[in-house]
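The structure appears below as structure tokens.
Protein chains: 2
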Amino acid sequence: MSIEQASKMTKRSYHHGDLRRVLAEAALSLAVEEGSWDFSLRDVARKAGVSHAAPYRHYESKRELMAEIAAQGFEALRDALEAATSTSQESPGRQLARTGEAYVRFGLEQPALYRLMFGPSLVSNRPARLQDAASGAFGVLREVMRSCWTGDPGDEAVIQQQALLAWAQVHGITMLALDGWLEKGGGDAEALMERVARTWLPGFCESLSQRTALG
Amino acid sequence: MSIEQASKMTKRSYHHGDLRRVLAEAALSLAVEEGSWDFSLRDVARKAGVSHAAPYRHYESKRELMAEIAAQGFEALRDALEAATSTSQESPGRQLARTGEAYVRFGLEQPALYRLMFGPSLVSNRPARLQDAASGAFGVLREVMRSCWTGDPGDEAVIQQQALLAWAQVHGITMLALDGWLEKGGGDAEALMERVARTWLPGFCESLSQRTALG
DNA sequence: ACCTGAACACCGTTCAAGT
DNA sequence: ACCTGAACACCGTTCAAGT
């Protein structure tokens, strides 16, 4: 290895070689460790020790950097959900409940990151990596749903929709909790999750045909 | 009535007399009619035809103005939910389903306003009017839930929690739909609501004791 | 090839000065 | 009593100039 190459990898003056990753790490640490979700791109540059214009050599815009952080967030969420299901030896119903619990827990433990993942600035034209990472996390939920589904196992559309419903439920609980709507209402998010597990998720595990129509 | 008084009420030069209301209307129209939820306070002032510093005579901060708009949004939501329930002659279960549908519909029809109501800038230290308006809207949901509850009618805590769960469900559906997560997933928000009405809400109408524990 | 510093058009907020 | 215009400290983004 030449002296120049070694210098490139260790020295961090002017050209540091992997500023893109450093910026992403700085932004992620602002969200995860300092819990701030409305930080500026200039904050990120400051944290990384570069000028406020430097990020534009590696990201097209602030939005693109945020999308990368959000994608990493969804990947971490997928890992958390998978960890909750791989402690198997349990009934599918319990696995679904555990997955839902893990989802809400992730949001409550990483409020800034979770808010960033679902932030309105990323709504339109989501980059492929973000879309894929989100699909990956949702996929865990869908597969757990499939495994505990007692109806026609070939009915993909219904399973997909039930999984979306489950996602909406845990997302709603997480968001209401993060936004402070559950504090005075008498129920914290953990208690709500417990009730979900007791009264609502079992309903997912029954086939549609077993359920009565609205009276 | 003196000439001065009449002049005060009609002329809008320099002192117009009800700039506070005019500003709120300008902001609401930016959200409702132009569909923008990230407008600036200076945008509001421009729309109202005053200088960018004028709002500070009537609102302590941008946040206080936003909170007022959000409160009006929750009041409109409460009206929409009440309108959905007052077409009675129906079973409580159907009323609950209709209320949920009306909730999601409100969010889909007023995306900017709905986002503003649940925007992260209003999270901490919510003004009383905003808190009350939100409680009012939630109260409609809770009362419908109570009326279709077949379990112990005196168990306030359980009813409250079930209502919170229902809120989380429709909030989650609305948010996922607004954020574009349901487009490629195969289910739009209306289809999801239909499934909620068919498979999930009926579960709310059964007492807890009728439900089996997780297997 | 990569980074900086100045620059531009914004923003929320403050305040002396105007009516 | 209410509004304005200038000012301050920010922001995202661009770009000529530096290494």
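Keeping their order, the protein sequence lines are chains A and B. Be aware that the first sequence starts at 1, since it is given in the numbering used here, and climbs by one per residue. Be aware that the second sequence starts at 216, since it is given in the numbering used here, and climbs by one per residue. Note that CB positions come from ideal geometry on N, CA and C, so glycine has one too. This one's a predicted model, so the numbers in the text were calculated from it and none came from an experiment.
- When B:R330, B:V385 and B:I388 are compared, the shortest CA-CA separation from F254 (chain B) is found for B:R330.
- Taking the Cα positions, F321 (chain B) is about 9 Å away from L296 (chain B).
- Using a 10 angstroms sphere on the CB of E283 (chain B), the tally of other CB atoms reaches 16 or more, which defines it as buried.
- If you ignore the 5 residues before and after Q72 (chain A), its C-beta comes within less than 6 Å of no other C-beta in its own chain.
- What I388 (chain B) touches in chain A, judged by beta-carbon distance under 7 Å, is A168, going in chain order.
- Using a CB distance below 9 Å, the part of the segment 316–335 of chain B facing chain A consists of R330, F333, G334 and P335, ordered along the chain.
- Within the same chain, no residue comes within 7 Å of E240 (chain B) by CB-CB distance, once the 5 residues on both sides are set aside.
- Annotation: E75 (chain A) to H231 (chain B) spans about 54 Å, alpha carbon to alpha carbon.
- By the 16-neighbour rule on beta-carbons within 10 angstroms, D188 (chain A) is exposed.
- Judged by DSSP secondary structure, L311 (chain B) falls within the alpha helix (DSSP H) whose first and last residues are P307 to E324.
- A contact is defined here as three or more CB-CB pairs under 8 Å, and the segment 91–108 of chain A meets this definition with respect to the segment 134–150 of chain A.
- Using a CB distance cut-off of 7 Å, D394 (chain B) counts as an interface residue toward chain A.
- Sequence-distant partners of L113 (chain A) (beyond 5 residues in either direction) whose C-beta falls short of 6 Å from its own C-beta, in its chain, are A31, V32 and G73.
- A Cβ of chain A is located within less than 7 Å of the beta carbon of L391 (chain B).
- Put simply, the segment 150–161 of chain A does not touch the segment 362–374 of chain B. Fewer than three CB pairs are less than 8 Å apart.
- The Cβ atoms of H171 (chain A) and G250 (chain B) do not sit closer than 7 Å to each other.
- A Cβ-Cβ contact shorter than 7 Å links A263 (chain B) with L238 (chain B).
- Residue burial annotation: Y318 (chain B) is buried, with at least 16 other C-beta atoms found within 10 angstroms of its C-beta.
- Using a Cβ distance threshold of 7 Å, V123 (chain A) and D394 (chain B) count as a contacting pair.
- The C-beta of A298 (chain B) has fewer than 16 other C-beta atoms within 10 Å across all chains shown, which makes the residue exposed.
- Contact between W167 (chain A) and L391 (chain B) holds, since their C-beta atoms are separated by about 7 Å, short of 8 Å.
- Taking the CA atoms as reference points, T389 (chain B) sits about 33 Å from R42 (chain A).
- At a cut-off of 7 Å, the C-beta of R410 (chain B) has a neighbouring C-beta in chain A.
- Apart from the 5 residues on each side of it in sequence, R272 (chain B) sits with its Cβ closer than 8 Å to the Cβ of L234 in its chain, given in chain order.
- If you check each beta-carbon in the segment 75–92 of chain A against every beta-carbon of chain B, the ones closer than 8 Å belong to S91.
- Residue-level contact check: Q161 (chain A) touches chain B, since one or more beta carbons of chain B fall below 7 Å from its beta carbon.
- Between A137 (chain A) and R78 (chain A), the gap from beta carbon to beta carbon is short of 7 Å.
- When only Cα atoms are considered, L280 (chain B) and R236 (chain B) end up about 10 Å apart.
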